[in-house]
Amino acid sequence: MKQALIPDFPPAGEDRMKEASIADFPSEREDSKEEAPVRDFQDAKEGEEGAITLDLKDLVLAAAAEEFAAANKTLSADNFEPLQTLQYIELLQLQQSAAAEMAAAYLNLGNFYRDRIQAGDAAALNLIIAIRAIEQAIDCIELDRTYQNHSPQTPSGAIATQNLLNLDYFESNSLPPVSDVFNDLGTLYWMLSRDRTEAAAASNPVLCLERSIDLYREGLSQIDAPGDSQIRARLHKNLGIAAADLARYQDKTENLLLAIAAYQQALLDLDPTVEPKQHAAAQNNLATAYWNLAQDSQPAANLKSAIAAYTRALSCYSPEREPLNYAGVQNNLG
Numbered sequence: 000m001k002q003a004l005i006p007d008f009p010p011a012g013e014d015r016m017k018e019a020s021i022a023d024f025p026s027e028r029e030d031s032k033e034e035a036p037v038r039d040f041q042d043a044k045e046g047e048e049g050a051i052t053l054d055l056k057d058l059v060l061a062a063a064a065e066e067f068a069a070a071n072k073t074l075s076a077d078n079f080e081p082l083q084t085l086q087y088i089e090l091l092q093l094q095q096s097a098a099a100e101m102a103a104a105y106l107n108l109g110n111f112y113r114d115r116i117q118a119g120d121a122a123a124l125n126l127i128i129a130i131r132a133i134e135q136a137i138d139c140i141e142l143d144r145t146y147q148n149h150s151p152q153t154p155s156g157a158i159a160t161q162n163l164l165n166l167d168y169f170e171s172n173s174l175p176p177v178s179d180v181f182n183d184l185g186t187l188y189w190m191l192s193r194d195r196t197e198a199a200a201a202s203n204p205v206l207c208l209e210r211s212i213d214l215y216r217e218g219l220s221q222i223d224a225p226g227d228s229q230i231r232a233r234l235h236k237n238l239g240i241a242a243a244d245l246a247r248y249q250d251k252t253e254n255l256l257l258a259i260a261a262y263q264q265a266l267l268d269l270d271p272t273v274e275p276k277q278h279a280a281a282q283n284n285l286a287t288a289y290w291n292l293a294q295d296s297q298p299a300a301n302l303k304s305a306i307a308a309y310t311r312a313l314s315c316y317s318p319e320r321e322p323l324n325y326a327g328v329q330n331n332l333g
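So in numbering that gives the first Met the number 0, spot 241 of the sequence shown is number 240, and the numbers just go up one at a time.
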């Protein structure tokens, strides 16, 4: 059976089903239709609000020591950003700083490793640190909101309310949209599901994919403005990719139908005249999901739907300007 190509990450062994294209961080990379869905870790240990869990701190120190040993440098917070961020988080903790400040600091730590992953260094340790740091950032925001929703309006409650207003202001001016943070975390879990190196051997791909799907759904639930079509499309597309991957492990038909529904929702927000490459990638993923579904259910109808989606993807490319993309879709059609 034909498989799509993965430009940035190798496929995890020989898969029975065809794959769709790579999942996206908010700064989306260009997806070719032939790409396989690319996009994981075990849940971070829960610590008290704002505290640095020992394993996160130790992981950062281990990563820093390894990096500095390779470069023959002396390990110091003065010349390595993650160590500076760890020190800053500890200072914020001692000062009992607002959750917004804690969230921003943890997010800064997570994004340092997320950026490395986006640049191609998707080592398991980078994935784990990014996941745990971003989960801590989300915990700081959510725990604070839960407290504010249940705190009485005593003098201390009034202060807490003001802190919440400060948090909303801080989020709107400093933090990315919460839906993007959930998207990032979902993508990192998805990537972990595909990491079969020894360092990630303890991770369970099914649990990672289920966590990824939950995070994408949570991200979608955080979108308030109708105009956030780009974020909504990205989350739906990535949800489809994770569901299609999960279909390779369990509940094939159910998860492929989930993937198809997610891709269809993504396409509602992707104008082929404005974002032809993203539209084509989603159509290619949709076609791939239909193709896989046809192997077990209603082959004639699902293959017809696959051909229609591949044809729509093909229409977004010019054989002269984008010969590789055009040929990739043609190959899928063949």
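Cβ atoms here follow ideal geometry from the backbone N, Cα and C, with glycine treated the same way.
Local Cβ density within 10 Å of residue i, reported as buried at 16 or more and exposed below that
i    : result
V328 : buried
R113 : buried
A261 : buried
V59  : buried
E134 : buried
E66  : exposed
D268 : buried
K303 : exposed
S220 : exposed
D138 : buried
L266 : buried
P81  : buried
A70  : exposed
Helix, strand or coil at residue i according to DSSP, with G and I counted as helix
i    : result
K217 : Reading the sequence as shown, one finds Glu at residue 217 and not Lys. Note: E217 maps to helix in three-state DSSP.
V180 : helix
F111 : helix
T334 : Here the chain covers residues 0 to 333 and nothing more, so residue 334 does not appear.
P275 : helix
N203 : coil
F67  : helix
L269 : coil
Q249 : coil
Y316 : coil
P225 : coil
P175 : coil
R193 : helix
S211 : helix
Q94  : coil
S304 : helix
A138 : The residue you asked about is not Ala; residue 138 is Asp in the sequence shown. Residue state, collapsed to three classes: helix.
D295 : coil
A286 : helix
E100 : helix
Minimum C-alpha distance to residue i - residue among the options
i    : options                   : result
L332 : S317, A286 and A293       : A286
D107 : R210, A118, Q83 and I127  : In the sequence as displayed, the identity of residue 107 is Asn instead of Asp. That would be Q83, whose Cα lies nearest to the Cα of N107.
R131 : L187, L93 and I230        : L187
A243 : D120, Q92 and N291        : N291
D194 : P298, E319 and D120       : D120
A308 : A102, D183 and H278       : H278
S192 : C207, A122, N284 and V180 : C207
L126 : L255, L90, A97 and G185   : G185
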